[in-house]
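The working numbering numbers the first residue of the sequence shown as 401 and each following residue consecutively. All residues carry an ideal CB built from backbone N, CA and C; glycine is no exception.
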Amino acid sequence: MSRIPFTIRIEGRYSFRRRIHFRNIISKPLTLALQTADPGAARERVAILAARFVIVRADVKTMLEGQRNLTGVEIEAIFRRELEQQLGSWLSDAYADAPWSSSVIEEAARHGEAYRQLRLPNPRHDMDAFERAKLDAANRETAENDVTPEWARPLVDQIRDALSDEYVISAPKAIGATTSDANIAAARTHLIRAGASACTRAQRMFDNDVLDAADPMRATTADLGELPPAVAALLAGAEGVAAPVAQTNLPSPAPPTECPFAIYDNRKFSEIIEDVLFELKQDKVWKGDLKQQRRIMQSFAWITGDRELGTYDHRDVARFKNGLNRRPSTFRFGSPEKGAMSRPFEDVISEVAPITPATARNLKTVNRDLSTMSTVAKHLALTSWKPRIHNVLIMDFAGATVAIQQDENAELRPPWKKEELECLFRSPLYLGGGAGKNRLKDECARPHVWHDAAFWAPLIWYYTHACREEICGLEIVDVFDDHPVPHIYIRENLTRGRDGEKAGEKRIARRRKLPLHDEILRLGFLDYVSAIRAEGHTALFPELYLFESKRGGAQFYDRAWRYMVQWITDRMEVEVNDKGKGPDIHSIRALGSSFYEVDGVNEIMRAEIMGHARSGTNAKHYSKRIKTEGLEVVLQERLEFVQRYVPKITLHLDPLPIRLLPMEARSRVGSGRHRRIRSDAGISKKSGARSSGSAFSGSR
């Protein structure tokens, strides 16, 4: 059998085989399987491959012999030429004293970032936030013309398109280098490097050493050293081609120098209020219904004009604080849809009477609003209000808070005196009165004592010194009546929370267990708990949680407390502060704490009773009495501590069977004052008119 040229047999099947002899490739064999054992088929296939091999080898040889890679001198020449042209353009704009000259440094930084993105293997071509904001503005302005301006495209795309093949080819051609595809690709990379370097150096235009230099160009490129003679020779013969520089004086919704944030967010402040509330509640920063926080954020938007987030700066902190101080303490905000906040702030303030010391807002209230906005600003600093410069605080609400002077404590409400509370405990509410709104009146045929929050809450406040909401928001499960020392557990619960979330603790120190005073037990409190449990309620005082608008302590104040205070002030002279405000529910807590202001009181014990944070290393880190002695021992000690210092002012009350009013009538005590009989009572308007008419006639 005759041999077939350029073939070999491998395991009985034919393969095509040739050798390649090019430059650094030393006689490398090329083998391709013909996928046949038939000599006729192999002869036909090998003839086709042999012809194709000759053509490909000729093309490769021609390509290799005609290609010359860029040398180091040529690369430096291309880089230096592009660098000087780009840098010269930036210098011209910076020192032109034109309207855009002050923006050169910022624009150079943006262009530098775009060049650096183009240097990456897979450059991104999407817009940054600043470009998106400008594109939104362009879309609004050009919607009628149906035209998209060139500057509205991403900056990366603008620079990439400016580096066209024609421009890139001109760079190696200008210095006499070959313009093969490989050299063009390499030249494009070196041009991008030069553009990035020019932008970095352009950001030093207004540095003192550059401004003082006779040749700013040389000052910014001094680190590169003098040009080598070979590079200088190539540049001397290079043809001048204008370097592409993306447009920098672009229209913008706001000048870049006026936006201190990393991005320009064109959403209005009012549009992000609900999102911020949700996120801060989700992060456990805020709890509860957030009604107060929402109102503060709405007032900030109202005072500052509810602008786009990107337009805010440090001046708005002072504007907000000034707006707070221009409103009297009796000011009612309303809502953005109705009331004061539905109108422009300046229009509303112009109608407000001048602020006097009597109507000025409490500085603690101003600080509270500033503190709330400080939390908001800290949250937005991660997104819309992220500063352009790292670690720079722009919206510094915390720094605007006012230090409260010690002499301003005169504004605090005075505490109750035990004689004043004893006056309340001697009222018909506790001794026997009418039902419904007549519980502070004793002129009834069958006086009774009714048991609800109006009866128990003041007693518990006095003997435990707990806060208003801590008692009004107790649940049945928070009362431990089967313990050797009956007590209540002050903690977060669902009754004090909303939307299925527990709430109520102001701080962790407020979580505590308080023993029930003997007087509370003697008057039948545990029987009341059993009666409420039998009704199937969760809340200890369910009548305080019938409505969503007013709940807990606010409902108690409206239904009962204001009439209790009226009862006391009608019978005793009660101290008021400089603003005419007397003691409130929280003032009972101040009275309780004052009982322990004597020599020999254990400060740790007082802190545990009051729900205050411990102070000192021993109290904070070493005193663990509940764990070492047990809860029963500690509760008994706390009970003895309270009974030792708190006077008993309810010994005159007799324990009575538990009486419960219908739910809607509970804790509605009504006023203890008697209505005055009008002088014209029983006289109709018509008869009165006739009487006055006849009198008038008689006087004629």
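Check	Outcome
Host beta strand (DSSP E) of I408 (start-end)	T407 to I410
Helix, strand or coil at S415 according to DSSP, with G and I counted as helix	strand
Reference K1020, options T578, S570 and I908, closest by Cα	I908
Alpha helix (DSSP H) runs wholly inside the segment 693 to 747, at least 4 long, in chain order	715 to 725
Assigned exposure category for P405 - 16 Cβ within 10 Å defines buried	exposed
Contact belief for K721 with V766 at Cβ below 8 Å, rounded distance in angstroms	7 Å
Cutoff 7 Å; reference I408; Cβ partners in own chain excluding five residues on either side	S415 and R417
Rounded straight-line distance, which links the Cα of S784 to that of L491	33 Å
Inter-residue spacing [alpha-carbon to alpha-carbon] between L1061 and V879	22 Å
Nonlocal neighbours in the same chain, by C-beta distance under 7 Å from W376, ignoring five residues either side	What the structure shows of the chain is the stretch from 401 to 1100, and residue 376 is not part of that stretch, so it cannot be assessed.
Neighbourhood of R445 by C-beta distance below 6 Å, restricted to the same chain and skipping five residues each side	L434
First through last residue of the alpha helix (DSSP H) which encompasses I876	Where I876 is concerned, there is no enclosing alpha helix (DSSP H), given that its DSSP letter is neither H nor E.
H865 in three-state terms, based on DSSP	coil
Proximity test, Cβ basis, 8 Å: F733 and chain B	Included in the structure is just one protein chain, with no chain B present.
Top-ranked residue by Cα proximity to S735, from S699, A753 and L840	S699
Buried versus exposed call for I1009 [16 or more other C-beta atoms within 10 Å across all chains shown]	buried
Segment limits, alpha helix (DSSP H) that includes H590	D581 to A602
G832 and V849 closer than 8 Å at C-beta	yes
Closest by C-alpha distance to G440, when choosing among R413, A458, M697 and D927	R413
Backbone CA spacing between I575 and S597 [nearest angstrom]	21 Å
Where the beta strand (DSSP E) through K913 begins and ends	R912 to P915
Residues near A514 by beta carbon distance below 7 Å, same chain, minus five either side	L555, V556 and I559
Backbone secondary structure at F453 - three-state DSSP	helix
Inter-stretch contact (C-beta, 8 Å, three-pair minimum) for the segment 668 to 676 and the segment 692 to 708	yes
Segment contact, 8 Å Cβ cut-off, at least three pairs: the segment 869 to 885 with the segment 932 to 939	yes
Short Cβ contact (8 Å threshold) for R813 with S987	yes
Of the residues H883, R891, V877 and D852, the one placed nearest E869, counting alpha carbons only	R891
Beta-carbon proximity list for R604, same chain, < 7 Å, skipping 5 on both sides	V610 and T620
Reduced DSSP category for T431 - H, G, I as helix; E, B as strand; rest coil	strand
Y889 versus Q1036: straight-line alpha-carbon distance, rounded	15 Å
Backbone secondary structure at P656 - three-state DSSP	Any reading at P656 is ruled out, since the residue's pLDDT is 40, under 50, leaving its predicted position unreliable.
Whole-angstrom distance between A496 and G512, CA atom to CA atom	21 Å
CA nearest to the CA of K841, picked from T600, H1074, P744 and A582	H1074
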